[in-house]
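These notes concern the structure reproduced below.
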Amino acid sequence: MTFNEFGFDPRVLEGIESLGYETATPIQEQAIPAILEGRDIIGSAQTGTGKTAAFLLPIIHRIITTKHDEHIKALVIVPTRELAVQIDQQMQGMSYFTPVSSIPVYGGTDGATYSNEQKALTDGADVVICTPGRMLSHLNMGYVNISGLSYLILDEADRMLDMGFHDDIMKIITSLPEKRQNLLFSATMPAAIRQLARKILVNPVEINIAVSKPAEKVKQQAYMVYDAQKIPLVEHLLGLRKLRSILIFCSTKEKTKQLARDLKRLKLSADEIHSDIDQDARERVLNRFKSRDLNILVATDILSRGIDIDDIDLVINYDVPHDAEDYVHRVGRTARAEAEGEAVTLVNEKDQRRFAAIEELIEKEIEKPGIPAHLGPGPVYNPTHKNRTQRKWRPGRKKPGFRGKK
Ligand code: AMP
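Start counting the sequence shown at 474; every next residue gets the next number (the numbering used here).
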């Protein structure tokens, strides 16, 4: 389906053309007509499916084809600053030929940023893309021009609940006009999301594009290691190939810091991103990584969802993610678009059972080559995980391996 078939204003079509989009992705095909009709939506879709354009394009169209006034028209609530910045960048591309304005509102410590945000929220930027905490602190000050709002979008809703934003989101919603269109997107649909949807959405159209499996093109491997073998193994893996872009995920910021320190000590081009690094520094590191000035980025899961970095050659899971679905998100950073990619996971003895849960989720046995002889023998893979009652699914959550199946 081409974008001409949606009946978009020519100025929106011009933006789409300048971005080089030719045909609509499945979520766009399903969501755009429903949003243009004014329906509420609950969409199950991961990053990489084109979901951002699926909600931004029809909203830009509706804003420019209805009466223009100085109110905030749309509020997009997202879990992280990075995602807010990324959506705002896409917004700028899509709305380039239209008069629609937007602002990301995500915090930052300096007063100038706060005053800019305050001004845009008072003057009524058309589209506000915000993280919950920061938006709430502006709302509490009383100057936010929100009474003419028509669209509320919750993106990565499951992530927001995981991060403890439920109450902030509900407080924001109480200050919005009751009559509005609501769009909720989430990679997964656990019971808590259904509950939230019931509170917010009115007779929503359901769209399900979830695929909980890494792309076939990703070559996945796992090494059984003792903790002391992890750094030498990473060093070995990096030495094997001349790769330009490597993303290494750690489960905690402490490990992220330690590993980045160790890699720098080895004179590798490495840096780190986690929540202790301030927003400006995070953006600088991310830009250096995107431009290939930096080859190795060590990050917590802050980066595993929502962030669109093309052409990553190798993803290394320095440890096994806590949630099996985070594995899919982490590995999804490689082999985007038409590229091929590689993902390597280091599994210590403690993590073996969790790793087996990932294999079950993706319904695939991941190749497990032995570690190189010079590192000594690693542990044997023997996940005594068959006792399913010990598995840690969140209460009420459907067993992830079977999500999305008919
Ligand atoms: P998202 O799932 O919104 O994070 O989008 C993933 C990537 O796909 C982004 O780089 C978008 O610019 C791109 N994209 C979105 N829609 C299309 C489309 N219809 N054709 C080509 N690329 C697209």
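For every residue, glycine included, the Cβ atom is placed at its ideal position computed from N, Cα and C.
query: Is any heavy atom of ligand 1 found at a distance shorter than 7 Å from the C-beta of residue 524?; result: yes
query: When you compare only the Cα positions, how much space is there between residue 736 and residue 743?; result: 6 Å
query: Taking 7 Å as the line, does the beta carbon of residue 494 fall inside it for any heavy atom of ligand 1?; result: yes
query: Give me the Cβ distance between residue 602 and residue 577, rounded to the nearest whole Å; I'm assuming they're in contact under 8 Å.; result: 5 Å
query: Ignoring anything shorter than 4 residues, give me the alpha helix (DSSP H) runs that lie fully in the segment 771 to 806, in order along the chain.; result: 797 to 804
query: Does the beta carbon of residue 754 fall short of 7 Å from some heavy atom of ligand 3?; result: Ligand 3 is absent from the structure shown, which contains only ligand 1.
query: Could you check if residue 805 is buried or exposed, using at least 16 other CB atoms within 10 Å of its CB as the buried criterion?; result: buried
query: Determine the extent of the beta strand (DSSP E) in which residue 636 is found, giving its start and end residues.; result: Per DSSP, residue 636 belongs to no beta strand (DSSP E) and is neither H nor E.
query: Three or more beta-carbon pairs under 8 Å between the segment 539 to 547 and the segment 742 to 761, yes or no?; result: no
query: How would you write the range of the beta strand (DSSP E) that residue 853 sits in, first residue to last?; result: Here residue 853 belongs to no beta strand (DSSP E), and DSSP marks it neither H nor E.
query: Would you kindly check if the distance between the Cβ of residue 485 and the Cβ of residue 541 is under 8 Å?; result: no
query: I'd like the list of long-range same chain contacts for residue 831, defined as Cβ closer than 6 Å, with 5 residues on each side in sequence excluded.; result: 797 and 800
query: Between which two residues does the alpha helix (DSSP H) holding residue 654 run?; result: Not the alpha helix (DSSP H): residue 654 falls in the beta strand (DSSP E), residues 654 to 659.
query: Three-state secondary structure (DSSP) at residue 753?; result: helix
query: Leaving out the 5 sequence neighbours to the left and right, which residues in its chain are closer than 8 Å to residue 537 when beta-carbon positions are compared?; result: 482, 484, 485, 571, 572 and 573
query: For residue 517, name the three-state secondary structure that DSSP assigns.; result: strand
query: For residue 679, write down the residues that DSSP places opposite it in a beta bridge.; result: 515
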